[in-house]
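At position 613 of the sequence shown the residue is numbered 619 (our numbering), and the sequence of numbers has no breaks.
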Amino acid sequence: MHFQWDWLCLGVLIISSVTAGMENEENLDADVEVENFDKQSQEADVDRDKSSLEVVYQTPKPTGEVYFTETFDEGLSGWVLSVTLKEDMDDNVAKYDGRWEVEELKENAVPGDRGLVLKSVAKYHAISAMLTKAFVFDDKPLIVQYEVNFQKGIDCGGAYIKLLSSSNDLNLEYFFDRTPYTIMFGPDKCGEDYKLHFIFRHKNPKTGEYDEKHAERPDVDLKKFYLDKKTHLYTLVLKPDDTFEILIDQTVVSKGSLLENMIPPVNPSKEIEDPTDKKPDDWDERPKIPDPNAVKPDDWDEDEPARIEDPDAVKPEGWLDDEPQYVPDPNAKKPKDWDEEMDGEWEAPQIRNAKCEAAPGCGEWVRPMKNNPKYKGKWRAPMIDNPNYQGIWSPRKIPNPDYFEDLHPFKMTAISAIGLELWSMTSDIYFDNFIICSEKEVADRWAADSWGLKKLVASANEPGMFSQLVTAAEEHPWLWVLYILTLALPVGLSVLFCWPGKKSDEDIDFKKHDVSKQITKEELKEETEELEDDELEEEKENEDTDEDEADGEGSEDIYDDEEENEVPDEEENEVPYGSQEGDRSNKSDSEDEKKEADEGMGDHPLKSVRKRRVRKD
């Protein structure tokens, strides 16, 4: 048993050591592994004992072909603020007068790394910039990536971007909510509705009109990305095979097909309901009808009430018929400012009658009501299957005159500008490191040189596990009980199973006694033979004693001679001290012999001699 507990304790220690090691590794590593990190970013010196991470920031540079990049490290160069107004709104409200600033993050900032910050609350913001070169949807993927940090959380507002459609009359100074765009992508939240938009405007090849197609909502919980006040990386990947992927922090949160996972579908149905078709007047949609042959039974009384007075009820004894349930409060006094002309005659407020509390009831006794056993209600004919049932009517189908089939919706309208047209009830929304390209490796390297550093700094500045637990317990006090139980359980088990218990004297004596009793079959046989010899010798002595008594009990001299001769003989037959066999046999003999010696001690002097020999043995 002790061997098993030793192994259990060893296992607990090993598990504790492994857990501690894993926690240390997690604290040293970033929360999110970023592929193809720059060597300088990987070898950054992370000092866990300091409040911030000391890194040398360098403005990231694209490593391949790109259509647009922006780090804001050089300010708002190339960006245009909108000066137009929203349509169908009052001029004072419709202005795009929200303020933008370029500044570092308020928390976990990388020195020298700046971003675009939305500063105003409850105002419209609009800012845009032209791409380095237009992106044409042909045979190359489209990758759009940028960073967002809700530095104060978010109540109601968006952080999405619009990729503006190419056109000859595109003027960024007049960029507003109705400026044609090809793709809208990014986070949006209002109330408890957390969204991640991916919308593209599809051109109907027959009519030339544009319709918005929305991607299905992601299955993951997006709430933490809006409330944790961390910088998150949003990525959209559109492929020429008409598939898409949406990633947050380089983890796929949604993917699908432009042909199958958009709402409404890109391609309309081949058939539609005929708008001119109308349901015939005699069309019967009733599956069940009242039985026309059913007749109301003669004993069916529709006038019987549902409830009647209980005729078996008896008024309880002690019922106070003359006492009202409520009486005026005798302690109430009319207010001094009571004006009877304005307020009417003053009446004391009603209180429960004290006499009714001790009685079963007060006031006029009324019999209680019960269900009427004769009540059947209004008679209705039973329902039967409708023999004329024709089913639920629906208009006939006709070929859809607007039907078309676009097998490659990826071929959208080309884009030539990027814009942010937002309204928010929360300020200090941070944007940074925009990139539009066609190669995933280029976007990943760009993220490693920019967002990767922010992640490392944020990871280094995160409070320790103990601080996080305390903070959580301050928000949810019931967690203290969980913490105490979590700590007390392993400690209690360790003390119970691993602490060596003190052995009692009884256990030691018991074990020693058990060891002394381990004898072989040969030793047991020898003891049995010795016991039989002692019994024969004792019988012989008893016979000699009987003869001496018959001769007149003998003389003193004879007794002394017998005593002197008998004792040495007994001593010669004693087993030497220290012999295991003699010790065990004498121990077995001694108990029986002591008992016999005590019983016959007064009968004859030979008994005392026998007793002395037994004690010596």
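Note that the Cβ used here is the ideal one computed from N, Cα and C, for glycine as well.
Checking 8 angstroms against the spacing of the C-beta atoms, do residue 370 and residue 316 come in under that value? Position 364 of the sequence shown, counted from the start, is the residue given in the question as residue 370. Position 310 of the sequence shown, counted from the start, is the residue given in the question as residue 316. Taking 8 angstroms as the Cβ cut-off, residue 370 and residue 316 do not qualify as a contacting pair.
Which residue wins for smallest C-alpha separation from residue 154, given the options 61, 443, 250, 433? Stepping through the sequence shown from its first residue, residue 154 is reached at position 148. Per the Cα distances, 433.
Between residue 208 and residue 216, how many whole angstroms is the CB-CB distance? I'm expecting something under 8 angstroms. Start at 1 with the first residue of the sequence shown, and residue 208 comes out as number 202. Start at 1 with the first residue of the sequence shown, and residue 216 comes out as number 210. Yes, they are in contact, since the Cβ atoms of residue 208 and residue 216 sit about 7 angstroms apart, within 8 angstroms.
By the three-class DSSP mapping on this structure, what secondary structure does residue 181 have? Here the question's residue 181 lines up with position 175 in the sequence shown. Here residue 181 sits in coil by DSSP.
Rounded to whole angstroms, what is the Cα-Cα separation between residue 490 and residue 260? The count along the sequence shown starts at 1 and reaches residue 490 at position 484. The count along the sequence shown starts at 1 and reaches residue 260 at position 254. Rounded to the nearest angstrom, the two C-alpha atoms are 40 angstroms apart.
Among the residues of its own chain, which have a CB less than 6 angstroms from the CB of residue 280, if the five just before and after it don't count? As a first step, residue 280 must be located in the sequence shown, where it is residue number 274. Hits under 6 angstroms: 401, 402, 404.
Is residue 122 helix, strand or coil when you go by DSSP? Within the sequence shown, residue 122 is the residue found at index 116, counting from 1. Strand, per DSSP.
Can you list the alpha helix (DSSP H) stretches of 4 or more residues lying completely in the stretch 399–458, in chain order? 446–455
Own chain residues within Cβ distance below 8 angstroms of residue 235, not counting five before or after: As a first step, residue 235 is located in the sequence shown; it is residue number 229 there, counting from the start. Once the five neighbours on either side are set aside, the close Cβ partners of residue 235 are 113, 155, 156, 157, 158, 159.
Would you kindly work out how many angstroms separate the C-alpha atoms of residue 239 and residue 256, rounded to a whole number? Residue 239 sits at position 233 when you count from the first residue of the sequence shown. Residue 256 sits at position 250 when you count from the first residue of the sequence shown. One C-alpha to the other measures close to 7 angstroms.
In terms of residue numbering, what span does the alpha helix (DSSP H) encompassing residue 98 cover? Position 92 of the sequence shown holds residue 98. Looking at the DSSP string, the run of the alpha helix (DSSP H) that includes residue 98 is 97–100.
Select from 70, 117, 90 the residue whose C-alpha is nearest the C-alpha of residue 61. Numbered from its first residue, the sequence shown carries residue 61 at position 55. The residue with the shortest Cα to Cα distance from residue 61 is 117.
State yes or no: is the C-beta of residue 219 within less than 8 angstroms of the C-beta of residue 272? If you number the sequence shown from 1, residue 219 lands on position 213. If you number the sequence shown from 1, residue 272 lands on position 266. In this structure, residue 272 lies closer than 8 angstroms to residue 219 by Cβ.
CA-CA distance, residue 193 and residue 168? Locating residue 193 in the sequence shown gives position 187, where the first residue counts as 1. Locating residue 168 in the sequence shown gives position 162, where the first residue counts as 1. C-alpha separation (whole angstroms): 12 angstroms.
Determine which residues share a DSSP beta bridge with residue 157 and list them. Counting from 1 along the sequence shown, the entry for residue 157 is found at position 151. DSSP lists 159 as partners of residue 157.
Thinking just about the alpha-carbon of each residue, which of 124, 110, 115, 83 is nearest to the one in residue 103? Counted from its first residue, the sequence shown places residue 103 at position 97. Minimum Cα distance to residue 103 is reached at 124.
So residue 71 packs on residue 444, CB below 8 angstroms; how close in whole Å? By one-based count along the sequence shown, residue 71 stands at place 65. By one-based count along the sequence shown, residue 444 stands at place 438. So it is a contact: roughly 7 angstroms between Cβ atoms.
DSSP three-state call for residue 564: helix, strand or coil? Position 558 of the sequence shown, counted from the start, is the residue given in the question as residue 564. For residue 564, the pLDDT reaches just 39, beneath the cut-off of 50, and the residue's location in the model is therefore unreliable, although a value from the coordinates is still provided. The answer is helix: DSSP assigns residue 564 an H, G or I state.
Give the secondary structure of residue 137 by DSSP, where H, G and I count as helix, E and B as strand, and everything else as coil. In the sequence shown, residue 137 corresponds to position 131, counting from 1. Residue 137 falls in the strand class under three-state DSSP.
Which word fits residue 284, buried or exposed, when buried means at least 16 other C-beta atoms lie within 10 angstroms of its C-beta? In the sequence shown, residue 284 corresponds to position 278, counting from 1. Burial call: exposed.
To the nearest angstrom, report how far apart residue 368 and residue 385 are at their CA atoms. Translated into positions along the sequence shown, residue 368 becomes position 362. Translated into positions along the sequence shown, residue 385 becomes position 379. Those two C-alpha atoms are separated by around 41 angstroms.
Could you spell out where the beta strand (DSSP E) holding residue 494 opens and where it closes? Mapped onto the sequence shown, residue 494 falls at position 488. Note, residue 494: premise wrong, no beta strand (DSSP E); alpha helix (DSSP H) at 485–504.
CB-CB under 6 angstroms to residue 484, same chain, minus the five flanking residues each way: which ones, in chain order? Taking the sequence shown and counting its residues from 1, the one referred to as residue 484 is at position 478. There are no such residues.
Here's the rule: buried if 16 or more other CB atoms are within 10 angstroms of the residue's CB, otherwise exposed. What is residue 352? Here residue 352 refers to the residue found at position 346 when the sequence shown is read from its first residue. With fewer than 16 Cβ atoms within 10 Å of its Cβ, residue 352 is classed as exposed.
contact_flag[the stretch 377–392, the stretch 285–304] where n(CB pairs < 8 angstroms) is 3 or more: yes
Of the listed residues 242, 377, 502, nearest to residue 311 (C-alpha basis): Within the sequence shown, residue 311 is the residue found at index 305, counting from 1. When only C-alpha atoms are compared, the closest one is 377.
Just mark residue 567 as buried or exposed, buried being the case when its beta carbon has 16 or more other beta carbons within 10 Å. Along the sequence shown, one-based indexing puts residue 567 at 561. Unreliable positioning characterises residue 567 in this predicted model, as indicated by a pLDDT of 43, which lies under 50. The coordinate reading is nonetheless provided below. Classification of residue 567: exposed, given that the 10 Å Cβ count is below 16.
Classify residue 268 as buried or exposed, calling it buried when 16 or more other Cβ atoms lie within 10 Å of its own Cβ. Sequence index remark: in the sequence shown, residue 268 carries index 262 (1-based). Buried, since its Cβ has 16 or more Cβ neighbours within 10 Å.
Using the rule of at least 16 other Cβ atoms within 10 Å of the residue's Cβ for burial, across every protein chain shown, is residue 151 buried or exposed? Position 145 of the sequence shown, counted from the first residue, corresponds to residue 151. Classification of residue 151: buried, given that the 10 Å Cβ count is 16 or more.
Over the uninterrupted alpha helix (DSSP H) stretch that includes residue 233, give me the two end residues. Residue numbering aside, residue 233 sits at position 227 when the sequence shown is read from its first letter. 229–233 is the extent of the alpha helix (DSSP H) around residue 233.
Helix, strand or coil, according to DSSP, for residue 467 in the structure here? Along the sequence shown, read from residue 1 onward, the residue named residue 467 stands at position 461. If DSSP states are grouped into helix, strand and coil, residue 467 belongs with the helices.
For residue 375 and chain D, any beta-carbon pair shorter than 8 angstroms? No chain D is present in this structure, which holds just one protein chain.
Buried or exposed for residue 357, please, with buried defined as at least 16 other CB atoms from any protein chain shown within 10 angstroms of its CB. Translated into the one-based positions of the sequence shown, residue 357 becomes position 351. That one is exposed.
Neighbourhood of residue 108 by C-beta, 8 angstroms cutoff - its chain only, sequence neighbours within 5 removed: Along the sequence shown, read from residue 1 onward, the residue named residue 108 stands at position 102. 78, 81, 82, 120, 121, 122, 123.
Going by beta-carbon coordinates alone, are residue 149 and residue 65 separated by less than 8 angstroms? Your numbering for residue 149 matches position 143 in the sequence shown. Your numbering for residue 65 matches position 59 in the sequence shown. No. Outside cutoff.
Am I right that residue 74 and residue 132 are in contact with their C-beta atoms under 8 angstroms? What's the rounded C-beta distance? For the purposes of this step, residue 74 is taken as residue 68 along the sequence shown, with counting starting at 1. For the purposes of this step, residue 132 is taken as residue 126 along the sequence shown, with counting starting at 1. Not a contact, Cβ separation roughly 18 angstroms.
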